[in-house]
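Line by line, the protein sequences give chains A and B. Anchor point for the first sequence: position 257 equals 257 in this note's numbering, and the numbering is continuous, going up by one each time. One gets this note's numbering by counting positions in the second sequence from 1 and adding 275 to each.
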Amino acid sequence: MVSKMIDATTTPWVQVTAPGGGTGRIKIRSSGVKVYYGDKQALKGINLDIAENSVTALIGPSGCGKSTYLRCLNRMNDTIDRCRVEGTISLDGEDIYGRTIDTVQLRARVGMVFQKPNPFPKSIFDNVAYGPRIHGLARRIEDLEEIVQRSLERAGLWSEVKSRLLDPGTGLSGGQQQRLCIARAIAVNPEVILMDEPCSALDPIATAHIEELIDELRANYTIVIVTHNMQQAARVSQKTAFFHLGDLVEFNDTAEIFTNPRDDKTQGYITGRYG
Amino acid sequence: MTDIVQSVGEFATDSPADRRGWYQSEEFRQLLRRRYASEDRFRILGIAAIVLAAVILLVLLASIVAKGYPAFVQTEVRLDVTFEESVIDPSGSRDERALSGANYQRLIRSALQDIFPDATGRRVRRQLTDLVSIGAAFQLRDMVMSDPSLIGQTRELWVLASDDIDQFLKGNIACGTEHAARLGGQPCTVPENERRVNDRQVGWVDQLIVEERIRRSFNTVLFSAGDSREPELAGILGGVVGSLYTLLVCLLMAVPVGVAAAVYLEEFAPRNRWTGLIEVNINNLAAVPSIVFGLLGLSVLLNFFGLPRSAPLVGGIVLALMTLPTVIIASRAALKAVPPSIRDAALGVGASPYQVVSHHVLPLAAPGILTGTIIGMAQALGETAPLMMVGMIAFIVDIPAGFTDSATVLPVQIYMWSDSPERAFTERTSAAIMVLLGFLIAMNAVAIYLRKRFERRW
Ligand SMILES: Nc1ncnc2c1ncn2[C@@H]1O[C@H](COP(=O)(O)OP(=O)(O)OP(=O)(O)O)[C@@H](O)[C@H]1O
Ligand SMILES: [Mg+2]
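Here it is, written out as structure tokens:
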């Protein structure tokens, strides 16, 4: 991990990764995204571009709409009855709320890791193999085994579970379960991985594990991560977006946000004055 | 509740010293004691309720078993029967029609006559033949039909005693001699003309006992025969088979429809006024008295669609309508209990809504659905009222061989037997209830076993 201490006056405790990385291409472009739950507006017009092969962190006080925005990106909000989405979100220039898009295909391209580890009540192997199976990624069992092994290796779990692949995934520890969920998301070979507070249920060691993992995944995947942990956002992301009450208040390079926030609210939030 | 609030309001202040004082005060201890006392009262009440329920259940079971177990044995009489050709087949043609139409009752009568040669006169001879069941003649016929070479021979046979003799020897007809008492007969206390077994018959039975021509054996008829007007020839097989056919129809209709409806309502249907209305109506249907479904079956299935009366097909459909709400409600509860995070996980890797349901949600809900289904089936197995409306209360001797044959079901047969005047049907009623309870317990055991197995898989 390339990082350096920044002796900024505002946030003396924050380590920030060097800006850069990624291809510089825009992977996801959202403009004027408004989300309503029934009559209640949760997002008030978000314009946000997410760069390819980089990590974008979404921060902001509880209830400001981070999860809501994240769930727009793979249309998980479709499963909520009273939820309505306006505006456009495009993935590689294609409107994901357009008529021609298929949600199954979209969710295969945009994977998701949830706040609480949620492995299927199946074996470790089946957990990872499920996605490739339904999407027809492996013709032969050997291919499937290879995908499972590679995904578990990438998620940093292989050495811990290789001897008990047929044990239930729910029997792993919380941190292992979360890495299993990451392996499951990687296994379908998505282009984008959405993570909603993936470390909130984990101890510092498991968290460090996953942060390292995110940094490695960045080379091949576009990652959007929601986090309440400022250090984490600073450590793993290249871009940071600060949400507040359904608005996108500030969006910039992570280094900029943490050393030189433009908006008072951002400054207040990252220095812990409110949240 | 209010007194707690008040006392805390008086005492609790922001000073820690005061708070500690309150928790050590006598008043707080009293409050604590009162809390424990109410807990104790609640526990005693709960234990009392369980004990009461257990006692009632035990008394019920004990009375049924006590009444019913004699029905599992049956009295038989040993006769030396001569298969006379002049009676069975005077023409010597061995024609099946002749063999089956012959007067076998005469063979029985003469066999009895051989034992009691001094029984003369029409009435006395009649009383003599009343000792054995009319089923004995059928027994002889079946023997001859399957083996015509018996004709001309003499065989020692155990034939069924009549139900009156059976009951007399089981002590249910209050008159017996010293010999009969050994087998369970009661001393004579009732005048002869009020008894189904008169003094002369008592004497004959006495002699049969002395000659060791009476025995008790396991009542196979009860399990292998259909219904009959003669208690000693009546069995529950017709009712059991009828119940099986009816339940099968019910299962095949209620489970797919019920589970599909539950899955649709729970997983796919939008939540709006219409689905809300449907939900309310399903819950209401569960509370509709079962006889209403019988009336529905009568007017729609029989009168409008012209389906056959008394058929398991119709009974099964009616029971399916009745159990459908149970199955739907239980299945929906089981589906609701599947954590939403599993659905999110499956959707998140790109499973289609159908795959989410069939790969993840249904397997997890299966134990609950299964339990609900079996409970519904057990309910259906015990149901009588709606089946009576569609004609399944008819007196049917034959064992049903298909879904459209006339049939009755076990609980209806129990109901009909309980209504029969013969003493012997009373104990058979209890015996049939024991069998029905056995089926219900077996079904519940299967439900528990399957649930345990399914749960272990995850
Ligand atoms: N299913 C829902 N139905 C109705 N309102 C919802 C629903 N989900 C979220 N909301 C509302 O939308 C707003 C944004 O919620 P969201 O979950 O996106 O917040 P968040 O930023 O992720 O918060 P947290 O950091 O606590 O997870 C909140 O005010 C919340 O009450
Ligand atoms: Mg959230």
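We treat Cβ as the ideally placed atom computed from N, Cα and C, and that holds for glycine. Here the structure is a predicted model, which is why all the values come from computation and not from measurement.
For the candidate residues B/332, B/610, B/519 and B/496, whose alpha-carbon lies nearest to that of residue 537 of chain B? Among B/332, B/610, B/519 and B/496, the Cα nearest to that of residue 537 of chain B is on B/610.
Touching by the beta-carbon criterion (3+ pairs, under 8 Å), the segment 508-517 of chain B and the segment 481-497 of chain B: Short answer: they touch.
Assumed close pair residue 254 of chain A, residue 239 of chain A - CB separation to whole angstroms, cut-off 8 Å: Contact between residue 254 of chain A and residue 239 of chain A holds: their C-beta atoms lie close to 6 Å from each other, under 8 Å.
List, in chain order, every chain B residue whose beta-carbon is nearer than 9 Å to that of residue 116 of chain A. Chain B residues near residue 116 of chain A: 616.
Rounded straight-line distance, which links the Cα of residue 152 of chain A to that of residue 185 of chain A: Rounded to the nearest angstrom, the two C-alpha atoms are 10 Å apart.
From what residue to what residue does the alpha helix (DSSP H) around residue 606 of chain B run? Unbroken alpha helix (DSSP H) run through residue 606 of chain B: 587-611.
Identity of the residues DSSP links to residue 57 of chain A by a beta bridge: By DSSP's assignment, residue 57 of chain A forms a beta bridge with A/225 and A/240.
Name, in chain order, the residues that DSSP records as bridge partners for residue 297 of chain B. DSSP output for residue 297 of chain B lists no bridge partner at all.
Under the three-state DSSP convention, the category residue 213 of chain A falls into: If DSSP states are grouped into helix, strand and coil, residue 213 of chain A belongs with the helices.
Is residue 272 of chain A near ligand 1, going by C-beta to nearest heavy atom under 7 Å? Answer for residue 272 of chain A: no, Cβ out of range of ligand 1.
For ligand 2, is there any heavy atom lying closer than 7 Å to the beta carbon of residue 196 of chain A? Checking the 7 Å criterion, the Cβ of residue 196 of chain A is within range of a heavy atom belonging to ligand 2.
Starting from residue 111 of chain A, follow its DSSP beta bridges and name the residues at the other end. Bridge partners of residue 111 of chain A according to DSSP: A/193.
Quick test of the definition: if touching needs 3 or more C-beta pairs under 8 Å, does the segment 663-678 of chain B touch the segment 582-589 of chain B? Contact between the segment 663-678 of chain B and the segment 582-589 of chain B is present, with at least three C-beta pairs closer than 8 Å.
Within its chain, find whatever has a CB closer than 7 Å to the CB of residue 211 of chain A; leave out the 5 residues flanking it on each side and keep chain order. Correct list, in chain order: 232, 235 and 236.
Buried/exposed call for residue 261 of chain A, threshold 16 Cβ in 10 Å: The Cβ neighbour count for residue 261 of chain A, taken over all protein chains shown within 10 Å, is at least 16; the residue is labelled buried.
If you count every other CB in all the chains shown that lies within 10 Å of the CB of residue 293 of chain B, and 16 or more means buried, which is it? Under this definition residue 293 of chain B is an exposed residue.
State buried or exposed for residue 600 of chain B, treating a residue as buried only when at least 16 other CB atoms are found within 10 Å of its CB. It counts as buried.
Taking CB distances under 8 Å as the criterion, tell me whether residue 705 of chain B reaches chain A. For residue 705 of chain B, the answer is no, since every Cβ of chain A falls outside 8 Å of its Cβ.
Would you say residue 68 of chain A touches ligand 1, meaning its beta carbon is less than 7 Å from a heavy atom? Residue 68 of chain A: yes, Cβ under 7 Å from ligand 1.
Suppose contacts are defined by Cβ-Cβ distances below 8 Å. Is residue 347 of chain B in contact with residue 699 of chain B by that definition? Not in contact: residue 347 of chain B and residue 699 of chain B (Cβ atoms no closer than 8 Å).
Compare the C-beta of residue 733 of chain B against all C-beta atoms of chain A and say whether one is closer than 8 Å. Because residue 733 of chain B sits at a pLDDT of 48, beneath the cut-off of 50, its placement in the model cannot be relied upon, and the point is left open.
Who are residue 168 of chain A's beta bridge partners in DSSP? As computed with DSSP, residue 168 of chain A is found in a beta bridge with A/123.
Coil, strand or helix - residue 719 of chain B by DSSP: Under the three-state reduction of DSSP, residue 719 of chain B is assigned to helix.
Reduced DSSP category for residue 12 of chain A - H, G, I as helix; E, B as strand; rest coil: Residue confidence for residue 12 of chain A is low, a pLDDT of 40 falling below 50, so the modelled location carries little weight and cannot support an answer.
According to DSSP, residue 89 of chain A sits in a beta bridge with which residue or residues? Note: residue 89 of chain A sits in a beta bridge opposite A/30.
Using a C-beta cutoff of 8 Å, does residue 169 of chain A count as contacting chain B? Chain B contact via Cβ: absent.
Since residue 428 of chain B sits in a beta bridge, which residues does DSSP pair it with? According to DSSP, which records beta bridges pairwise, residue 428 of chain B is partnered with nothing at all.
Quick one: does the C-beta of residue 295 of chain A sit closer than 7 Å to a heavy atom of ligand 1? No statement about residue 295 of chain A is possible, as the shown extent of chain A runs from 1 to 275 and does not include it.
Same chain, Cβ closer than 6 Å to residue 275 of chain A, neighbours up to 5 away in sequence not counted: At residue 275 of chain A, the pLDDT of 47 sits below 50, so the modelled position is not reliable and the matter cannot be decided from this model.
Can you tell me whether DSSP reads residue 659 of chain B as helix, strand or coil? Annotated three-state conformation of residue 659 of chain B is coil, per DSSP.
Identify the contact partners of residue 112 of chain A in chain B, using a Cβ-Cβ distance below 9 Å as the criterion. Those are 619, 620, 622, 623 and 624, listed as they occur along chain B.
Collapsed DSSP secondary structure at residue 47 of chain A in the structure displayed: If DSSP states are grouped into helix, strand and coil, residue 47 of chain A belongs with the strands.
Within a Cβ cutoff of 6 Å, which residues of the same chain sit near residue 690 of chain B, ignoring the five residues on either side of it in sequence? 659, listed in sequence order.
Let me know the secondary structure DSSP gives residue 309 of chain B once reduced to three states. DSSP places residue 309 of chain B within a helical segment (H, G or I) once states are collapsed to three.
If you measure from the CB of residue 525 of chain B, is any heavy atom of ligand 1 nearer than 7 Å? Look at residue 525 of chain B: its beta carbon is at least 7 Å from all of the heavy atoms in ligand 1.
Counting only Cβ-Cβ distances shorter than 8 Å, please list the residues of the segment 625-644 of chain B near chain A, keeping chain order. Going along the segment 625-644 of chain B in chain order, one finds 625, 626, 627, 630, 634, 635 and 639 with a Cβ nearer than 8 Å to chain A.
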